[in-house]
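Heads up: the structure comes next, in structure tokens.
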Amino acid sequence: MENCIFCKIAQKEIPSTGVYEDEHLYAFRDLNPQAPEHILIIPKKHIARVENLQEEDTELMGRIVIAAQKIAEKLGLKKGYRLVFNNGPDGGQEVEHIHLHLMGGRKFSWPAG
Ligand code: AMP
Numbered sequence: 409m410e411n412c413i414f415c416k417i418a419q420k421e422i423p424s425t426g427v428y429e430d431e432h433l434y435a436f437r438d439l440n441p442q443a444p445e446h447i448l449i450i451p452k453k454h455i456a457r458v459e460n461l462q463e464e465d466t467e468l469m470g471r472i473v474i475a476a477q478k479i480a481e482k483l484g485l486k487k488g489y490r491l492v493f494n495n496g497p498d499g500g501q502e503v504e505h506i507h508l509h510l511m512g513g514r515k516f517s518w519p520a521g
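Counting in my numbering, the sequence shown runs from 409 upward without gaps.
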């Protein structure tokens, strides 16, 4: 989608540090990391928010979680990691292209702030 920063990153129009890519997904390092390892996993298809998901996206969303598993293994996050979808303004979503945060390399507290 035009003017979507994550679409531009997926299309390599904006540079990023990629850690995983396949036909459906792209994963890259967050520019402002909140943990020693902080990766964003995005679908190449533009979907703004969870509310915009369709039944047909079920497999795609599963692929995102499986990609997180593969990346965490590659990064050696044996002690666990945090997976987060910020969704909408109250959810803290800044970029309107659905993305899974994969953060690891430190211990996280709960409840989230
Ligand atoms: P969210 O608040 O869940 O929408 O998260 C958006 C994330 O995208 C933030 O953690 C930003 O640091 C990150 N971000 C924004 N622009 C870029 C970029 N050009 N490259 C990498 N990460 C980015």
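Just so it is clear, CB atoms sit at the ideal spot from N, CA and C, and this is done for glycine as well. Keep in mind that this is a model prediction, so the values were computed, not measured.
Taking contact to mean at least 3 C-beta pairs separated by less than 8 Å, is the stretch 454-473 in contact with the stretch 493-512?
yes
Buried or exposed: glycine 488, going by 16 or more other Cβ atoms within 10 Å of its Cβ?
exposed
My output table needs one value for isoleucine 449: the three-state DSSP class, helix, strand or coil.
strand
So is the beta-carbon of glutamine 462 under 8 Å away from any non-hydrogen atom of the ligand AMP?
no
Reducing DSSP to helix, strand and coil, say where glutamate 410 ends up.
Correct three-state label for glutamate 410: coil.
From the DSSP output, which residues share a beta bridge with glycine 512?
By DSSP's assignment, glycine 512 forms a beta bridge with Glu445.
Is there contact between the stretch 509-520 and the stretch 460-473, where contact requires at least three CB pairs shorter than 8 Å?
no
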